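Residue numbers (the working numbering): 1 to 764.
Glycine residues also receive a C-beta, built at the ideal position from the N, C-alpha and C atoms.
This structure is a prediction, so every number in the text was calculated from the model and none was measured.
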Amino acid sequence: MKERVGTAAHWGIYEGVRSAGGVSGLRPAGRDPDPPSISSNLADVSDTRARVPSPLVREGYLAQGPDSREGRGGERYVPVSWGRALDLAAEALQATRNRLGSDGVFGGSYGWASAGRFHNPQSQFKRFLNLTGGYVSAVNTYSSAAAEVAVTRFLGSSRMINAGHDWPTIRDNTELLLCFGGLPFKNAAIDAGSTGPHVDGEGLDACLEAGVEVVAVSPLRHSHGDRADIRWLAPRPNTDVALMLGLAHWLIENDRIDRDFLARCCVGADRAIAYVMGDTDGVAKTPAWAARVTELDGAAIVDLARRMSEKRTLIAVAWALQRADRGEQPFWMACALAALLGGIGCPGEGLGYGLGAFNNYGAGRLPFRKAAFPQIKPAEQRVIPVSRVADMLLAPGATIPYDGRRIAFPEIGLVWWAGGNPFHHHQDLHRLARAFRRPDTVIVNDSVFQPTCRMADIVLPATTFLERNDWAASAHGGFFAPMHKLAEPFGEARNDHDVFAAMADRFGKREAFTEGRGEMGWIRHMWSVTRDNARSAGYDLPEFEAFWSGGMLSIPTVNDTSARLALLREDPEAHPLDTPSGRIELFSETVAGFGHDDCPGHPVWREPREWLGGAEAGRYPLHLMSDQPAGRLHSQLDPGGASQATKVRRREPCLIHPDDAAARGIADGDIVRVFNGRGACLAGAAVTGRIRPGVVDIATGSWFDCAEPGDPRSLERHGNPNVLTRDAGCSSLSQGPSCNSTLVECEKFGGDPPVEAYDIPLKI
Ligand SMILES: Nc1nc2c(c(=O)[nH]1)N[C@H]1C(S)=C(S)[C@@H](COP(=O)(O)OP(=O)(O)OC[C@H]3O[C@@H](n4cnc5c(=O)[nH]c(N)nc54)[C@H](O)[C@@H]3O)O[C@H]1N2
Ligand SMILES: Nc1nc2c(c(=O)[nH]1)N[C@H]1C(S)=C(S)[C@@H](COP(=O)(O)OP(=O)(O)OC[C@H]3O[C@@H](n4cnc5c(=O)[nH]c(N)nc54)[C@H](O)[C@@H]3O)O[C@H]1N2
Ligand SMILES: [Mo]
């Protein structure tokens, strides 16, 4: 029997046809003004040649166990029974805990997995580890680590990294929308955990129609780039802080700053202003100085500063800017600039962190907590900053500064990943490959044989979201959706919950893990917890049965970040921020007290270690940006049709300016070799005037495809930019990833080797 039912993905809320023959007819549910192209190919996840058919064990590991660690990344995989695979995993876990204690197990397991509150692999995995003896975890994200740490210091809460206003508020109040990072609405296809209708494109259109002036600052023009009513400024990458300083200098010199707001709602304005004017370091950050650093026109900087002083201005900053060396600075300096203008806390003015990072920009959050599968978190846990994982594996015992304290790296015997792909998300993948050869055992749960599986000893096949029942809730905007099972599991794939329940059984903890509930029991239970939370906050959610048989449910949200800033503005005594002073900290005694030259007590311009103005540019004269891919989410669905349609000669496109291409004899559609001292990859040249000369862009997520991972001379054939990116913390403060500070060179490549990333190296 065929039946049309609802489900959800990070791309939105869908419905599809449930039938014995697999998934079909998947399409966005309800009215969606701008459904992402990816949605037409969602069903590709359920059946590709990259699906893991059964539990697999690396050949060498079966024969020799941990002694075969050097074989990771180059061996074939032997199908084994579930019983055998789970016994091996349980033995390895026990052996590691016997030798190194719980600090020998790395379970940070960062990654986006799929929508669905119950079948979240990380929650399932972490609950299992917590019940059986603990593990080392990770803090912060690859998305916004530098901002999470720094913004907490100067605005009092990491939630402020989403500070912003929704599109109607911008339309009705903002006069000048200044977007650092451009208008990357390709990213607004998604939201973590699903999303309602896609509104960002029409939101911006409405603003333009209402006469909002839009200025986009980015080395790359996005899809709105051809509109005559949007002005583009294309600075050298990583120089936004210099531009902001130049704007600030003009405002201060011309006395267009809001001294009342600075005195009432901020601390440290005098220190920040002294730095801008050059009183502390002898360098006045004039528009002319900013023009030299950014290579923008000085008159254009002055003109922009003047218009900012005359118009109600909203300063948006894309998260990409802080995924860079000294990435704390653009976020802090944008706050200082907005504070000088004085509009923070007014509707449609001040700060807009995160524009274009997800759908429904500026829409608030649910006014109550949605239930999560309980991890049973311990009171204390050893952690590392998330992107320092290779440092940890390569240098046990070493210590690094982090947010004012020191973190010591433990010795790790076992690495286990469920629902993430470090051989997509991490920087300098050859270094990561060397790091992954250190532990005794590496285990991965995934539905597809993605590149991290190739570095694993044991691979456990997971179902996809289309193969199980669950419910979803969006992070921004208040949407709930039931997720009905549309297809039977592929091959021997199992739900992560069942896998970890079977693992818990091997440690005598099955009952504690499941609490006697199955899939539907947990889903009902988690809905009823959410319903109780809603009721305490004065909201009435339907009973489970009504929710389960209905469609998308929409709840009004609250924008707690802009509300908080509005209250501060109204009465800073009565409504202080959670900073030590209760005010916006343009100078932070706390951060100054840490004594880091790479992140002092107020926002500063510091040259990135790799950028076009530095010494390295002589050797590698192109700045590489590696942004989010338009045709997929990270590495997910890379084998699917929507992602394949974006490729050039089967590889990730490398956007390059016509002048740079001509100088190298590169034509549109050529295969190019992009390289630096860390590695080299093959990409498909996309010659375009949309990118600034001297800059190239390769989006992330084409599956790492390399014959000898770990050897920088071994060519990556698929266009994965992370063989080129630097693996170093942004600064001593946040230790966040700094992928967007990378220099490369590029040349035409003669051959056309096959891409083998989707082939599973099976030994049968
Ligand atoms: N150079 C560079 N690198 C970057 C970035 C950049 O801008 N530049 N961006 C960074 C950012 S912002 C992020 S968030 C990261 C993203 O990095 P990740 O979140 O690690 O990337 P994904 O491809 O989403 O990986 C999720 C994995 O979970 C698997 N999965 C999905 N559902 C399930 C399930 O139910 N069970 C299990 N077991 N597995 C499942 C998918 O198949 C996929 O392999 O990348 C970062 N890396
Ligand atoms: N389709 C799709 N959407 C996604 C994702 C995906 O994988 N696919 N990933 C999601 C995730 S996890 C996240 S965290 C968000 C990330 O959201 P963002 O961090 O905002 O996204 P990016 O695409 O990395 O970068 C946005 C733009 O910033 C600009 N940029 C880069 N470096 C600089 C610079 O130094 N200066 C200036 N002025 N501009 C610069 C580039 O034009 C780039 O296209 O996106 C989310 N949305
Ligand atoms: Mo992210």
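Do you know offhand how far residue i's Cα is from residue j's?
i	j	result
Leu432	Tyr539	47 Å
Gln124	Gly133	15 Å
Phe490	Pro737	35 Å
Arg312	Arg692	29 Å
Ala272	Cys266	11 Å
Val558	Asp166	11 Å
Asp670	Ala686	8 Å
Asn495	Lys377	22 Å
Ser741	Trp611	6 Å
Pro600	Leu233	28 Å
Ala324	Arg388	14 Å
Trp417	Leu553	33 Å
Ser588	Trp289	26 Å
Asp260	Ala339	10 Å
Arg569	Thr239	30 Å
Ser158	Pro572	19 Å
Pro439	Pro712	21 Å
Ala92	Asn676	38 Å
Gly593	Val241	22 Å
Ser474	Cys453	29 Å
Glu607	Ala299	23 Å
Glu515	Asn533	21 Å
Ile666	Ala501	54 Å
With the cut-off set at 8 Å, would you say residue i and residue j are in Cβ contact?
i	j	result
Leu208	Asp226	no
Ala115	Ala9	yes
Cys654	Val696	yes
Gly104	Pro410	yes
Glu328	Arg236	no
Leu436	Met455	First, the amino acid is wrong: residue 436 is Phe here, not Leu. Taking 8 Å as the Cβ cut-off, Phe436 and Met455 qualify as a contacting pair.
Glu748	Arg664	At residue 748 the sequence reads Lys, which differs from the Glu that was named. Yes, these two residues count as a Cβ contact at 8 Å.
Pro222	Gly164	Residue identity check: residue 222 is His in the sequence provided, not Pro. Taking 8 Å as the Cβ cut-off, His222 and Gly164 do not qualify as a contacting pair.
Ser81	Thr464	no
Arg127	Phe373	yes
Asn421	Pro121	no
Leu243	Val215	no
Val415	Val448	no
Excluding five sequence neighbours on each side, which residues of the same chain lie with their C-beta closer than 6 Å to the C-beta of residue i?
i	result
Pro451	Phe423, Trp703 and Phe704
Ser144	Ile161 and Trp319
Ser643	Gly631, Arg632 and Leu637
Pro367	Ala537 and Val558
Lys647	none
Ala50	Val448, Phe449, Pro639 and Tyr758
Using a Cβ-Cβ cut-off of 7 Å (strictly less than) and excluding sequence neighbours within five positions of residue i, which residues of its own chain qualify?
i	result
Arg171	Ala206, Cys207, Ala210 and Val212
Ala150	Glu328, Phe331, Trp332, Leu733 and Ser734
Val302	Trp250 and Pro287
Where does residue i land, buried or exposed, given buried means 16+ other C-beta within 10 angstroms?
i	result
Asn254	exposed
Thr280	exposed
Glu488	exposed
Gly246	buried
Gly478	buried
Thr7	buried
Glu585	buried
Lys2	exposed
Thr561	buried
Lys370	buried
Pro754	exposed
Gly193	buried
Asp660	buried
Could you pull out every residue in the same chain whose Cβ sits closer than 8 Å to the Cβ of residue i, ignoring the five residues on either side in sequence?
i	result
Asp87	Arg506
Thr700	His424, His425, Ser626, Asp627, Gln628, Pro629, His634, Ser635, Asn720, Pro721 and Asn722
- Is there contact between the region 336-353 and the region 96-110, where contact requires at least three CB pairs shorter than 8 Å? no
- Would you call the region 144-155 and the region 576-583 touching, i.e. three or more CB-CB distances under 8 Å? yes
- Message: Does the region 721-738 come into contact with the region 426-441, if we say contact requires no fewer than three beta-carbon pairs (one atom in each stretch) closer than 8 Å?
- Response: yes
- Indicate whether the contact test is met: 3 or more Cβ pairs, each with one atom in the region 620-630 and one in the region 176-189, closer than 8 Å. yes
- With a cut-off of 8 Å, do at least 3 Cβ pairs link the region 192-201 to the region 28-42? yes
- Message: Assess contact between the region 542-550 and the region 329-338, defined as three or more Cβ pairs (one per stretch) separated by less than 8 Å. Is contact present?
- Response: no
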